[in-house]
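Notes follow the structure.
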Amino acid sequence: MRVAHRRTFLACLAMIVLLFLPPPPAQAEIGFRHPSYIVVDAASGRVLAEFEPNAIRYPASLTKLMTLYLAFEALRDRRITLDTIIPFSEEAAAVEPVKLGLPPGSSVTVQEAILSMVTLSANDAATALGQYLGGGSISRFAEMMTLRAHAIGMARTVFFNPSGLPDPRQVTTAHDMAILARRLILDFPNQYHWFSTRRFLFRGRWIRSDDNLLKVYPGADGFKTGYTNAAGHTLISSAERGDVRLIGVVMGTQTIAQIDGTMIALLNEGFAEENAPALPDTEVAELRQPLRGLVSGLIVPASAATVAPPSEPNEWAPAVARDWGVQVAAYTSERMASYVADLGGRIIGAGRADIERAETAGHTLWRARITALSAAEAHAACPALARHKLPCWLLPPRAGGQIASR
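The sequence shown finishes on residue 390 if you use our numbering, and the numbering steps up by one all the way, no holes.
This is the structure:
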């Protein structure tokens, strides 16, 4: 009876909270034109870098982190064990791919559900687990998710399903997702190891993670990828170097290459700002390979690039501020950085190709950049570069009109 009363109380409380929540923004307001991101120190919560961290976004499969948070609570409270059987209802079995593809009436253990969610991002396993923890009701579990989100400080987040499948009402922000990732590390240190799983054997077949940072970035050991048409590509990563652990969240990129490149750059500069130990030379060489591969073979002649035609001067036209920029990549070779900056400038057809020298973790890097862009040109640059399989991240202006740079 106590359990039943507790569930009734939680359901009523959730309904009261949801009644007083502001309605989520219209879909047109949520659609992304450029990424939002945030990087924080996991220990202190200090923000190291951010760009529109409170912009409303669709969470996609990052939603599963909250489903797992509630599952870890249930494990801690001994309401379930890793061997608890989770049945697949017709509703769970019918969700859209990506999924395990088990028929109604089948089942998985809690451990199998966790592993399939962190690697395959299985929507059916997330739905089945949420339904089980919600006492048979997905809507009740979604209310529990929202209540817990607000309790830990995710003020702009609302959940309506445990998987992240498209729902225009289900929204979050990069800032809120950083809070969730940090709380997973701090509240459940004994469960964090699940997020570093690269593959697991599920009933005779290997299921592999699609998180590229786990494969290429030294010290990366979590968290989660996500994608829907409305959300774009989303990624939360955590990496450790020495006694410094960082959490990065990037939401709303057009391509996987763009989100991986942005995350790598943000983590690199975050570790440099935190004075983390330099990587061994062997690991630095391995880290260069993914970004080098993005530009290999991309010798684009000027005639094939997208070049904007010269415009006639108009003395009556208002002056346009050109204090934005984009960074394409960073290299140990000044010549390579100069080449990529020139290539990026030809593709964008605006701005000025530039390179910047930086000392990062004891190594000299050359940043390939296109500067002197208007805000509109900068926001249009990343999709243009992505079509040529080049990474890109925005460099918004600082106060005083200078391009932000760390």
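For every residue, glycine included, the Cβ atom is placed at its ideal position computed from N, Cα and C.
Fill in: Straight-line Cα distance separating L84 from R189
The residue given as residue 189 occupies position 205 in the sequence shown. The residue given as residue 84 occupies position 100 in the sequence shown. So the alpha carbons of these two residues sit roughly 11 Å apart.
Worksheet item: How big is the Cα-Cα spacing for D171 and G29?
Response: Translated into positions along the sequence shown, residue 171 becomes position 187. Translated into positions along the sequence shown, residue 29 becomes position 45. Between D171 and G29, the C-alpha separation is close to 14 Å.
Practice prompt. Give me the Cα-Cα distance between A286 and S317, rounded to the nearest whole angstrom.
Written response: Locating residue 286 in the sequence shown gives position 302, counting from the first residue. Locating residue 317 in the sequence shown gives position 333, counting from the first residue. The predicted position of A286 is uncertain, since its pLDDT is 28 and thus under 50; no value can be drawn from it.
Worksheet item: In terms of residue numbering, what span does the alpha helix (DSSP H) encompassing I331 cover?
Response: Walking along the sequence shown from the start, residue 331 turns up at place 347. First-last of the alpha helix (DSSP H) with I331: E318 to I332.
Worksheet entry | Length at least 3, wholly inside the segment 36 to 90: the beta strand (DSSP E) runs in chain order | 69 to 71
Fill in: Range of the contiguous alpha helix (DSSP H) that encloses T141
Within the sequence shown, the letter at position 157 stands for residue 141. Looking at the DSSP string, T141 is not in any alpha helix (DSSP H), and its letter there is neither H nor E.
Worksheet item: Whose CA, out of H347, G119 and M101, lies closest to the CA of S45?
Response: The residue given as residue 45 occupies position 61 in the sequence shown. Measuring from the Cα of S45, the nearest candidate turns out to be M101.
Worksheet entry | Simplified DSSP state of D25, which is helix, strand or coil | Position 41 of the sequence shown holds residue 25. Note: D25 maps to strand in three-state DSSP.
Fill in: Cβ contact (3+ pairs, closer than 8 Å) linking the segment 86 to 104 and the segment 119 to 133
no
Practice prompt. Could you spell out the range, first to last residue, of the beta strand (DSSP E) harbouring F186?
Written response: Counting from 1 along the sequence shown, the entry for residue 186 is found at position 202. That run of the beta strand (DSSP E) goes R183 to F186.
Worksheet entry | Straight-line Cα distance separating G89 from V391 | A question about residue 391 goes unanswered here, because the residues of the chain that appear run from -15 up to 390.
Discussion item. Can you tell me whether K208 is buried or exposed? The criterion is at least 16 other CB atoms within 10 Å of its CB, across all chains shown.
Written reply: Here residue 208 refers to the residue found at position 224 of the sequence shown. Classification of K208: buried, given that the 10 Å Cβ count is 16 or more.
Worksheet item: With contact counted as at least three CB pairs below 8 Å, one residue from each stretch, are the segment 211 to 230 and the segment 65 to 82 in contact?
Response: no
Discussion item. Taking the beta carbon of L54 as the centre, do at least 16 other beta carbons fall within 10 Å, making it buried, or is it exposed?
Written reply: In the sequence shown, residue 54 corresponds to position 70, counting from 1. Label assigned to L54: buried.
Discussion item. Rounded to the nearest angstrom, what separates P380 and D25 at their Cα positions?
Written reply: In the sequence shown, the residue the question calls residue 380 occupies position 396. In the sequence shown, the residue the question calls residue 25 occupies position 41. Near 22 Å, if we compare the C-alpha coordinates of D25 and P380.
Worksheet item: Do R353 and I331 have their CB atoms nearer than 8 Å?
Response: Numbered from 1 along the sequence shown, position 369 holds the residue referred to as residue 353. Numbered from 1 along the sequence shown, position 347 holds the residue referred to as residue 331. No, the pair does not count as a contact, with Cβ atoms beyond the cut-off.
Worksheet item: My guess is that G328 and T355 are in contact by the Cβ rule of under 8 Å, so how many angstroms apart are they, rounded?
Response: Residue numbering aside, residue 328 sits at position 344 when the sequence shown is read from its first letter. Residue numbering aside, residue 355 sits at position 371 when the sequence shown is read from its first letter. The pair is not a contact, with the Cβ atoms about 11 Å apart (cut-off 8 Å).
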